[in-house]
Every structure is written in C-alpha cells, then in structure tokens.
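Residue numbers (my numbering), protein chains in the order written: chain A, 5 to 503; chain B, 2 to 229. Note that beta-carbon positions come from the ideal geometry of N, C-alpha and C, so glycine has one too. All of these numbers come straight from a predicted model, not from anything done at the bench.
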C-alpha cells in the first residue's frame with residue numbers, strides 16, 4: 005500500500021509550495037489547496053475497499069527486526085479508514101467553501117498554507133502507528149489551529165486563540181510527559197509493540213499514571229466537560245470553514261480517536277476498566293451540560309460550539325458503554341456529527357458573510373433571501389435534533405438501544421431527554437435566524453456565492469442520507485470493520501505485527 | 002482554592018514520577034531498539050553520527066513532522082502579526098563603530114560555521130537544526146549591530162518553503178524508486194566517514210539547515226518589527 009504516505013506528503017508538499025506560489029497571487033494557492041484536498045479525498049474514498057484489512061507500512065523501508073519495529077510504522081485499519089473519510093471529505097468541502105468565503109480576509113495565502121498543514125497533521129495522526137510520530141502530527145494540527153483561530157487578528161480572536169493555546173499546550177505537555185514515561189516503561193514507541201510489552205508488565209502504578217496523563221490530555225483536546233473551557237471561545241472565533249473543521253473533525257481526531265486507540269487497542273480496556281466509567285461520567289456530563297448551556301446562547305456560532313461539546317458527549321458516552329453496539333453507535337454518531345456540525349458552521353458562516361453579524365436576536369427571516377442557506381441549515385438542524393429518518397436519528401437510536409441493552413436505563417433516559425433539548429435549541433436557531441420577519445436592516449441580503457452553496461448542499465445531502473450507512477451492504481464495509489477494530493481490543497498488536 | 006488544586010496536581014505528578022522511577026529497572030538496557038541502532042546504524046545508513054542516522058533515517062518521518070511544526074509556527078506568527086505591521090518608521094539610533102565593524106566582521110564567519118555544522122551533520126555532532134540556529138544567530142547580530150538592515154521577507158520565505166519542499170520531494174522520490182518506501186535512503190551510501198556518504202542524509206540536512214536558518218531569522222524579523 006504505497007499510497008499511505010501520500011495522505012501526509014501531498015498536503016505538506018502543497019503547503020510548502022503555497023508560500024512560493026502566493027507571490028503570483030493568492031488565487032493560485034487556493035486552487036492548489038483545493039486540488040491537493042481533492043486528491044486526498046479521492047484517495048480516502050478509494051481505500052475503502054481495503055477497510056477490512058490491517059495494512060502496515062514502514063516509512064523509509066525499515067522492516068521490523070526479530071519482531072521489533074525499528075522505524076516508524078503507518079497503520080491503516082477499519083477505524084483509520086473511517087477517520088480518513090471524515091477528515092478528507094469535510095476538509096475538501098471546507099476548502100471549497102473557503103474559496104469564496106475567505107475573500108473577506110487579507111493574507112489568504114497564509115490561510116491556505118495553514119489549512120493544508122492542518123490537513124496533513126490530521127491525516128498523520130490517524131495513520132500513525134508510532135506514539136511519538138502521532139504526537140508530532142498532533143502538534144502540527146494543534147499549532148495550525150491556534151493560528152487559524154487567531155486569523156482575523158481582532159482582539160476577541162487573539163484572546164480566544166491565546167486561551168486555546170494555553171489549554172492546548174497544557175494538554176500537549178501532559179501527553180508528552182505520558183509519552184516519556186511510556187517510552188521508559190516499554191522501551192519502544194511503536195504502539196503495537198508497546199501494547200505487547202505492557203501485556204507482559206501488567207498493570208503497575210506507572211502504567212496507570214501514564215493512563216491518567218493520556219486520559220486528561222486527550223480529554224482536553226476533545227473538550228469533554230470539565231476540560232471544555234477553551235472550545236466555546238475558540239471555535240466561534242475562527243473563520244467559518246475552520247470552525248467547521250475544528251468542530252467537525254479536529255476535536256474528534258485529536259481527542260476521541262486518540263482516546264479510543266490508546267485505551268481500547270493499546271492499554272486494553274479489560275485491564276483499565278475504570279476508563280469506561282470515566283467515559284460514561286464525562287460523556288453524560290458533557291452531553292447534558294453542553295445542551296443546557298447551548299440553550300441559552302444568543303450568538304449563532306457560540307451555540308453551535310456548545311452543541312459540539314454536547315454531541316461529543318454522546319460519542320464518548322456510547323464508547324463508555326463498552327459493548328460492540330455502543331461502539332457502532334458512537335462511531336456512527338461521530339460520522340453524522342462531522343457532516344451536520346460542519347454544515348451548520350458553514351451556514352453560520354454564510355449568514356456572517358452577508359450580514360457581518362452573529363447575534364441571533366438581530367436576525368430573522370433570512371430564509372426568504374437565502375433559500376439555499378435556509379434549507380440546508382433546516383436539514384442540518386433536524387438531523388442533529390434526531391428527527392427520523394435523517395442521519396442523526398439513527399445514530400442516537402443506536403446509542404440509546406445500546407445503553408438500554410447494557411442496563412443503563414437512567415443514562416438512556418438522559419440521552420433521550422438531551423436529544424429533545426437539542427431539538428429545542430436548534431428550532432430556536434431556525435426560528436430566530438431563518439424564519440420570522442426580515443428586519444429592515446437586512447432587506448438587501450442575498451444568497452451566498454455558488455461555491456459556498458455547493459459545499460453546503462453536499463454536506464446537507466450527506467447529513468440527510470447518512471442513515472444508509474446502517475444498510476447491511478454499506479455497514480459491512482464502513483462501520484463494521486471499524487467496530488471490529490475497537491471491539492478486537494488488544495488484537496491490534498497481532499494484526500499489526502503478526503504472530 | 003486555585004492554589005490547592007495546583008498543589009494537588011503537582012503532588013500527583015510528583016507521585017507519578019517517583020513511582021515510575023521506582024518501576025524502571027536500573028542499569029539495564031531500557032530501549033528495545035537502541036542496541037540495534039548502535040550496532041547496525043553505521044552499516045545500514047552510512048552515517049557515522051548515529052544520532053543523525055536515527056533522526057533522519059530510522060525516524061526520518063518524525064523529522065519531516067518536526068520541520069513542519071517549526072514551519073507552522075513561523076507562518077502562524079506571520080499571520081497573527083499581519084495587520085499590526087505598517088507602522089511609521091521610527092528613528093533608529095545607529096550602533097557604535099566598534100559594534101558595527103565587529104558585526105560586519107563576524108557575520109560571514111558565523112554563516113560559514115553554521116554551514117559547516119549542517120553540511121557535516123552526518124559525520125560530526127550537530128546537524129540541520131543546530132546549524133540553522135547558528136545561521137539565524139548571525140542575523141540577530143546584524144539586527145543588533147547594523148540597525149536598519151532587514152532581510153528580505155520574500156527571499157527568506159522562498160528559502161524556507163524550498164527547504165521543506167526538498168524534504169518532501171526526496172521522500173517522494175524514495176517512494177517512486179526501488180522498494181516503494183517513503184523517505185527510503187535510495188542514494189549510494191558511499192564510504193563511511195567521508196563527506197559524500199550516507200545517501201540522502203546530507204541532502205536532507207542541508208535543506209533543513211537552510212530552512213531552519215531562514216525560518217528563525219524570519220521569526221526574529223517579525224518580532225523586531227513588532228517591538229519598534
């Protein structure tokens with residue numbers, strides 16, 4: 005599988021090219037960025053056919069010696085395939101949207117460079133089979149997103165970015181300390197090899213210490229409830245396509261994916277069963293508190309940010325159930341959330357693009373003037389609110405069934421109630437923004453340019469139709485292989501290194 | 002309240018580190034891979050500096066990432082400071098004759114030394130990152146001594162981007178030829194301990210040296226403009 009390094013090399017190479025080309029005009033960097041993203045999106049769709057296999061690729065051609073990997077391994081299994089799809093599909097449409105949207109800003113050449121670097125980092129995180137390598141790509145993504153949050157260079161944006169940097173830096177420091185201890189304990193950085201070594205060591209206090217460091221560090225990156233303080237500032241402050249990437253993709257890759265990979269595949273959830281309880285507690289807390297906080301927001305993008313905390317809560321809650329059905333629900337909701345939350349952020353961007361306003365109290369009646377934005381945001385809102393037969397309904401249904409099946413009746417009830425609150429605040433968004441009376445101030449508002457519409461319509465179709473992933477034919481090639489990787493737990497080491 | 006939490010957190014981390022040190026056997030070989038690097042490294046990579054062989058060959062993919070982290074930081078800084086530019090030029094007090102002459106004298110020597118460090122990265126201690134930092138220090142000296150002189154942003158950006166591009170392209174050539182491995186050391190390894198040895202390692206280190214040098218110089222340039 006020689007294509008695996010291309011997921012990282014293409015965006016990084018394009019990113020290094022853009023500063024040179026942007027001398028000839030920012031338009032060229034935009035087109036180059038779009039081509040690079042389009043290419044890796046094509047690749048990520050093409051590799052679905054291999055989703056049932058575990059493909060290991062050693063960078064630099066360094067094959068393992070006596071079963072011990074000496075170089076850096078890239079690993080692609082079912083879970084990676086799903087994550088690659090999310091990253092590259094959302095990334096492509098966010099980039100397409102940027103072509104029109106970013107005309108509001110200056111220095112757009114730097115924007116495309118940072119965007120491409122972020123894409124390379126995200127792909128690197130999910131493809132890496134090496135703990136330190138994963139950290140390096142995690143830092144690329146994190147630093148690129150700090151600067152993208154600050155891209156508008158207004159006081160509010162710089163402040164949000166600073167807050168994000170401080171908390172993100174704390175998380176990275178904890179993860180790095182964890183990696184240092186982990187390396188001392190196991191003597192290897194390869195995840196699969198380390199997993200075997202830990203199996204030999206057993207559960208000693210040092211392993212638990214590493215586990216706690218990773219749990220806190222990655223939860224900070226995922227913005228789970230007690231660690232969420234940065235998200236409601238950072239996500240709304242970024243340009244809309246970046247908000248869509250941050251909420252739709254970045255917190256899932258840097259937070260959720262890494263938590264799942266580390267605790268289910270490397271440490272082994274059977275050995276660290278306290279993590280499941282922590283997932284259930286943090287998940288429920290984020291789900292409920294995020295929803296209540298979202299309910300009282302007046303700022304369009306801020307509401308969406310709180311809603312992201314709530315929806316990530318659902319995902320972590322589902323994984324905390326620890327059953328294959330829970331994993332299925334969690335993953336499915338992860339995919340759904342990527343489509344409708346990025347769609348809703350793009351919708352909010354469309355409103356900002358035409359009105360320069362995020363305060364919903366001053367809006368109203370935009371559906372008459374912006375039919376595409378209005379309709380797509382209605383689809384996204386209904387899907388996230390769990391209206392059948394849209395995508396969001398099915399994933400929440402699976403999560404609730406999984407909770408009932410594992411006898412968490414009260415938590416299942418809470419999940420259903422939270423879903424109703426979610427619907428309530430999204431209907432509020434619809435009512436305040438897109439329905440009602442158009443104020444005189446915005447009589448002249450028009451629909452946004454065509455590329456922005458194309459992105460929104462495509463994501464809207466996805467969030468409407470993602471329910472089809474539950475059909476056996478599709479489930480068999482996309483969701484099931486990923487669920488098997490998570491449910492397979494420590495088999496990961498065997499799949500990667502053989503034997 | 003805040004200080005109690007901080008103390009508790011510190012105590013937890015201190016407990017963790019103490020426990021960990023207790024768990025790690027003392028005096029034994031800890032790394033599962035270190036022995037292989039030391040025994041086989043020279044032969045397999047052709048670099049007589051084993052640290053370099055690990056950094057650029059066994060774990061070259063990490064280094065591509067690290068180079069990128071620095072690039073992201075430099076671009077991000079440029080983006081964050083973008084609109085704060087365009088201030089009117091303040092009158093700059095010139096440096097004394099001794100400082101001015103000293104800087105002009107030292108500048109080429111420091112550049113030469115930095116270049117030596119990164120070109121010989123595969124033979125002697127040092128390498129692209131260290132050499133690049135030395136090169137950048139020459140530019141700090143110019144900023145201090147010959148005030149008012151500026152490096153051209155276009156040139157530094159171009160060198161920086163080309164450095165990164167060389168790394169990726171060399172990696173992709175490795176993918177295209179031979180065993181189809183990204184960052185494969187596809188060039189002949191040459192004779193150990195000579196300048197033209199170790200295949201792609203010197204090429205990568207020279208690219209990194211130029212890149213890090215111009216990047217750090219660019220960062221200094223951005224921050225100096227800000228402080229004026």
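- Within the model, the alpha-carbon separation for residue 72/B versus residue 216/B is close to 7 angstroms.
- The CB of residue 49/B never comes closer than 9 angstroms to any CB in chain A; the least such distance is about 19 angstroms.
- In this chain, the alpha helix (DSSP H) harbouring residue 310/A covers 304 to 324.
- Residues of chain B whose Cβ lies closer than 7 angstroms to the Cβ of residue 185/A are, in chain order, 21.
- For residue 87/A, the enclosing alpha helix (DSSP H) has its first and last residue at 82 to 105.
- Apart from sequence neighbours up to five positions away, the residues of its chain that approach residue 206/B with a beta-carbon distance below 6 angstroms are 119, 122, 128 and 129, ordered along the chain.
- For residue 163/A, the closest Cβ of chain B is not nearer than 7 angstroms.
- The alpha-carbon of residue 175/B is positioned some 50 angstroms away from that of residue 303/A.
- Scanning the segment 89 to 154 of chain B from its first residue to its last, the whole alpha helix (DSSP H) runs of 4-plus residues come out as 98 to 120 and 129 to 146.
- Residue environment for residue 239/A: buried (at least 16 other C-beta atoms within 10 angstroms of its C-beta).
- Neighbourhood of residue 37/B in chain A, by CB distance below 7 angstroms: 69 and 74, in chain order.
- Linking residue 182/A to residue 64/B through their CA atoms gives a straight-line distance of about 20 angstroms.
- If one requires a minimum length of 4 residues, the alpha helix (DSSP H) runs lying completely within the segment 96 to 167 of chain A are 112 to 131 and 135 to 153, in chain order.
- Of the candidates 482/A, 42/A and 391/A, 42/A places its Cα closest to the Cα of residue 10/A.
- A distance below 6 angstroms between beta-carbons, with the five flanking residues on each side excluded, links residue 99/A to the following residues of its chain, in chain order: 37, 38 and 41.
- Interface with chain B (7 angstroms Cβ-Cβ cutoff): residue 188/A is included.
- Contacts with chain B at 7 angstroms (Cβ-Cβ) do not include residue 175/A.
- Look at residue 41/A here: in three-state DSSP terms it is helix.
- The three-state secondary structure of residue 456/A, taken from DSSP, is helix.
- The beta carbon of residue 140/A sits closer than 7 angstroms to some beta carbon of chain B.
- Taking the CA atoms as reference points, residue 178/B sits about 9 angstroms from residue 185/B.
- Around the beta carbon of residue 266/A, 16 or more other beta carbons sit within 10 angstroms, so the residue counts as buried.
- Excluding five sequence positions before and after residue 178/A, the CB atoms of its chain that fall closer than 7 angstroms to its own CB belong to 217, 220 and 221, given in chain order.
- Under the Cβ criterion of 7 angstroms, residue 33/B is counted among the residues facing chain A.
- In this structure, the straight-line span from the alpha carbon of residue 195/B to that of residue 155/B is close to 35 angstroms.
- Remark: C-beta atoms of residue 137/B and residue 214/B approach each other more closely than 7 angstroms.
- Under the 10 Å beta carbon count, residue 2/B is surrounded by fewer than 16 other beta carbons and is classified as exposed.
- From the beta-carbon of residue 159/B, the residues of chain A found nearer than 9 angstroms are 23, 24 and 27.
- Within the model, the alpha-carbon separation for residue 460/A versus residue 355/A is close to 12 angstroms.
- In the structure shown, residue 77/A falls within a strand segment according to DSSP collapsed to helix, strand and coil.
- With a threshold of 16 other beta carbon atoms within 10 Å, residue 412/A meets it and is buried.
- In terms of Cα proximity to residue 212/A, the closest of 134/B, 20/B and 10/B is 20/B.
- Collapsing the DSSP output to three states places residue 204/B in a helix.
- Setting aside the 5 residues that flank it on each side, residue 115/B is surrounded in the same chain by 132, 135 and 136, each with a C-beta closer than 6 angstroms to its C-beta; the list follows chain order.
- Per the C-alpha coordinates, the member of 243/A, 235/A and 155/A positioned closest to residue 256/A is 235/A.
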